[in-house]
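Numbering (UniProt numbering), first residue to last: 1 to 282.
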Ligand SMILES: Cc1cc2nc3c(=O)[nH]c(=O)nc-3n(C[C@H](O)[C@H](O)[C@H](O)COP(=O)(O)OP(=O)(O)OC[C@H]3O[C@@H](n4cnc5c(N)ncnc54)[C@H](O)[C@@H]3O)c2cc1C
């Protein structure tokens, strides 16, 4: 008769083997280019909503030495600072060194997370204001996914406007679901009071596929469409603050537009009226 060893709780739990290992708890795919995943959070990790960390996987063994090195990339933390877990929203680059592999992760797998959060898309880098704009393209919505779940955002501002521009409608799904979940979030409602969600305005646009609002947000700002649609007079340094996260093109154009309205770029050491961060390099 074969003797079966009882499966104890300890042996059932995967022991982390990677440096700075965290365990994936959930994965959701949206398109062949986009997915989100959640993982455990290191007990020691403190971060400000909007910051990014380095995450990754072990690279392939070196053909000569057989040694493996961590393959790390910058990722905005998409979950808010109070969350027990961490969430990330990711691109899938088919020949990308990291994401060609990362797109295949499943719940229970491990990834590497260096617990050193940094970044400028944080409340501390902005001077007090009345209205906060989040301008995102593609995965650039990730830091704002964190910030729209952050109670301080609603404490500090009367109105929060999230604009998200993608090529296709399906690429808006993550943001749309997120805004919906924030509007129905009982914990935030309890903390902030009923009606807090009325402060959050969502302005999705597409550049390629037909949708109710088409065009780059930069063009829609320049020709005044955004302001007409939202019933807002315009952007001024007295009332408006902005955070920008997108492609190099969006960031450069948005900087010029915001400077044109009289807003100045801020940083952690010198807060001002707007801040910018790259959603990716390249
Ligand atoms: C501050 C910062 C924060 C970032 N946060 C995120 C994030 O939250 N989610 C995320 O998916 N990526 C994010 N990135 C990009 C990320 O670091 C990697 O570039 C990405 O994961 C692809 O890695 P890779 O090794 O597969 O390909 P890489 O060799 O890194 O990139 C290959 C090429 O793919 C394109 N590319 C890379 N990332 C993106 C992207 N996000 N969207 C569109 N095209 C891209 C670029 O043209 C790049 O040259 C961030 C980058 C920076 C600098």
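The C-beta atom is built at its ideal place from N, Cα and C for all residues, glycine as well.
Looking at ligand 1, does it come within less than 7 Å of residue i, judged from the CB to the closest heavy atom?
{"i": "residue 53", "result": "no"}
{"i": "residue 31", "result": "no"}
{"i": "residue 142", "result": "yes"}
{"i": "residue 279", "result": "yes"}
{"i": "residue 74", "result": "yes"}
{"i": "residue 89", "result": "yes"}
{"i": "residue 98", "result": "yes"}
{"i": "residue 50", "result": "no"}
{"i": "residue 129", "result": "no"}
{"i": "residue 139", "result": "yes"}
{"i": "residue 282", "result": "yes"}
{"i": "residue 201", "result": "no"}
Under a three-way DSSP split, which group does residue i fall into?
{"i": "residue 3", "result": "Low confidence applies to residue 3: its pLDDT is 44, below 50, so where it sits in the model is not reliable enough to give any reading."}
{"i": "residue 100", "result": "helix"}
{"i": "residue 282", "result": "coil"}
{"i": "residue 144", "result": "helix"}
{"i": "residue 284", "result": "Only positions 1 to 282 of the chain appear in the structure, and residue 284 is not among them; the question remains open."}
{"i": "residue 269", "result": "coil"}
{"i": "residue 174", "result": "helix"}
{"i": "residue 257", "result": "helix"}
{"i": "residue 181", "result": "helix"}
{"i": "residue 65", "result": "coil"}
{"i": "residue 348", "result": "Residue 348 lies beyond the residue range present for the chain, which begins at 1 and ends at 282; the question has no answer from this structure."}
{"i": "residue 189", "result": "helix"}
{"i": "residue 125", "result": "helix"}
{"i": "residue 194", "result": "coil"}
{"i": "residue 24", "result": "strand"}
May I have the straight-line CA-CA distance separating residue i from residue j, to the nearest angstrom?
{"i": "residue 45", "j": "residue 21", "result": "13 Å"}
{"i": "residue 248", "j": "residue 70", "result": "27 Å"}
{"i": "residue 19", "j": "residue 58", "result": "9 Å"}
{"i": "residue 209", "j": "residue 64", "result": "48 Å"}
{"i": "residue 172", "j": "residue 165", "result": "8 Å"}
{"i": "residue 198", "j": "residue 61", "result": "52 Å"}
{"i": "residue 84", "j": "residue 41", "result": "6 Å"}
{"i": "residue 89", "j": "residue 161", "result": "20 Å"}
{"i": "residue 124", "j": "residue 281", "result": "24 Å"}
{"i": "residue 268", "j": "residue 106", "result": "36 Å"}
{"i": "residue 92", "j": "residue 235", "result": "35 Å"}
{"i": "residue 259", "j": "residue 66", "result": "51 Å"}
{"i": "residue 51", "j": "residue 224", "result": "31 Å"}
State the CB to CB distance for the pair residue i and residue j, rounded to an integer number of angstroms; the pair is presumed to be in contact (CB under 8 Å).
{"i": "residue 167", "j": "residue 218", "result": "Not really, about 15 Å apart at Cβ, beyond 8 Å."}
{"i": "residue 126", "j": "residue 231", "result": "23 Å between Cβ atoms; not a contact."}
{"i": "residue 134", "j": "residue 246", "result": "Not really, about 11 Å apart at Cβ, beyond 8 Å."}
{"i": "residue 169", "j": "residue 211", "result": "5 Å"}
{"i": "residue 201", "j": "residue 152", "result": "The pair is not a contact, with the Cβ atoms about 18 Å apart (cut-off 8 Å)."}
According to DSSP, which residues form a beta bridge with residue i?
{"i": "residue 133", "result": "161 and 242"}
{"i": "residue 206", "result": "166 and 214"}
{"i": "residue 52", "result": "76 and 118"}
{"i": "residue 88", "result": "37"}
{"i": "residue 277", "result": "245"}
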